[in-house]
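One structure below.
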Amino acid sequence: LYNTLPDLDLSGKKVAVFGVGDQESYSDYYCDAAGELYDLFKAKGCTIYGLTSTEGYNHVESKAEVEEGKFCGLMFDEDNQYDLSEGRASKWVTQLKEE
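Heads up: the sequence shown runs through residues 1 to 99, numbered per the UniProt record's numbering.
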């Protein structure tokens with residue numbers, strides 16, 4: 001994707017990003033790949049939907065945090081917060097439908 005995406009015409013496309021990571025073992029770069037994809041899509045003129053709050057997550061840094069207190073989409077941690085994933089996903093889908 002990192003080599004292909006820059007060559008695609010994606011202007012005006014609607015995009016939502018999600019990521020999966022381990023915020024405790026990799027707290028310095030939790031879900032960084034999601035943030036990198038966000039940057040690539042944004043640079044190609046895509047409209048990004050589904051930003052979510054970083055509240056309730058225990059990370060130090062993340063490229064997925066694209067605004068103060070906001071992730072570029074929904075981040076999952078199936079190692080440490082698996083019990084929150086289903087509720088977060090349901091809430092996010094509702095949010096996406098409203099945006």
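Glycine included, every Cβ here is placed at the ideal spot set by N, Cα and C.
Is it the case that the Cβ atoms of residue i and residue j are separated by a distance below 8 Å?
i          : j          : result
residue 16 : residue 96 : yes
residue 86 : residue 58 : no
residue 48 : residue 72 : yes
residue 46 : residue 74 : no
residue 33 : residue 19 : yes
Tell me which residue opens and which closes the beta strand (DSSP E) that residue i is part of.
i          : result
residue 14 : 14-20
residue 60 : Residue 60 -> no beta strand (DSSP E), and no H or E assigned at all.
residue 73 : 73-76
Identify the residues that DSSP records as bridge partners of residue i: which are they?
i          : result
residue 90 : Residue 90 is not bridged to any residue.
residue 5  : None, per the DSSP bridge assignment.
residue 70 : 53, 67
Taking the alpha carbon of residue i as the reference point, which residue from the options has its own alpha carbon closest?
i          : options        : result
residue 91 : 50, 67, 44, 65 : 50
residue 55 : 63, 46, 68, 45 : 68
residue 42 : 8, 22, 86      : 8
residue 27 : 11, 64, 14, 39 : 64
residue 88 : 76, 99, 98, 39 : 76
My understanding is that residue i touches residue j, with C-beta atoms under 8 Å, so please give their C-beta distance in whole angstroms.
i          : j          : result
residue 62 : residue 35 : 6 Å
residue 5  : residue 44 : 7 Å
What residue range does the alpha helix (DSSP H) around residue i cover?
i          : result
residue 40 : 32-43
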